[in-house]
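Q: After the structure tokens below, expect a handful of questions from me.
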Amino acid sequence: MSLVSEFKDFINRGNVMDMAVGVIIGGAFTSIVTSLTNDIINPLIKLVSGGGTEISGLTIPVPGTENGIDFSSFISAIINFLIVAIVVFFIVKAFNKAQNLGFGLTKGLTSKVLGKDGEEIEMVPPTCPFCLEEVKEGATRCPHCSGEFPKPAAPTPKQ
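The sequence shown begins at 463 in our numbering and counts up one residue at a time.
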């Protein structure tokens, strides 16, 4: 197998493409979170605190250095991180809820087939043996945990 074809196989894997899309979306999302922090949250902090958004006065001077140990800058960075983390958490939570609402409409649907003796057998959609999430019929990998199936996923009779 040539180096070019190996690279092509690597790039065409689903996980690599998903990761690439995630990095690009994350980069674009950074500007949204920065704008939210700078244009909405920081002005609210200024309004409540009656001044700037920086925590000041927590600097320990160190002889021979210009800045010293600046705890106020570190605490401000932690607060900014927590704000970004909370915003991302709520956006991901809303996305997952919206996704689950759509998925809930089809989850657990059963189909019926005729058995050998002519009676109807209820079939349950295939599930991943590793994470137990529902997968599409014919799948060879789980989209949830990336587990590889020994054979394509198929519906099973309801027990």
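No residue lacks a Cβ here, since even glycine has one placed at the ideal position from N, Cα and C. Note that the coordinates shown come from a computational prediction; the quantities given were computed from them, not determined experimentally.
1) Mind reading off the beta-carbon distance from K598 to A616? Whole number of angstroms is fine, and I expect it under 8 Å.
2) Thinking C-alpha only, which one of T618, F491 and V483 is nearest K551?
3) Could you tell me the boundaries of the beta strand (DSSP E) in which E584 lies?
4) Suppose you measure from the CA of A560 to the CA of L509; what does that come to, to the nearest Å?
5) Determine the direct distance from the alpha carbon of I541 to that of M481, and round the result to whole angstroms.
6) Let me make sure I understand the geometry here. Which of V466, S467, C607 and N529 has the alpha-carbon closest to that of P591?
7) Could you tell me the distance, in whole angstroms, from the CA atom of L498 to the CA atom of V483?
8) Using DSSP with H/G/I as helix, E/B as strand and the rest coil, what is D501?
9) Once you ignore the five residues that flank I553 on each side, which residues in its own chain have a CB closer than 6 Å to its CB?
10) Which of the three DSSP states is assigned to E595 in this structure?
A: Reading it off the structure:
1) Between K598 and A616 the beta-carbon gap is near 11 Å, outside 8 Å, which marks them as no contact.
2) Note that residue 551 is Phe in the sequence shown here, rather than Lys. With respect to the C-alpha of F551, the residue from T618, F491 and V483 having the closest C-alpha is F491.
3) E584: member of the beta strand (DSSP E) spanning E582 to V586, first to last residue.
4) A560 and L509 have their alpha carbons spaced roughly 34 Å apart.
5) Rounded to the nearest angstrom, the two C-alpha atoms are 28 Å apart.
6) Closest option to P591, Cα to Cα, is C607.
7) Their Cα atoms are separated by approximately 22 Å.
8) Collapsing the DSSP output to three states places D501 in a helix.
9) None.
10) DSSP places E595 in coil when its eight states are reduced to three.
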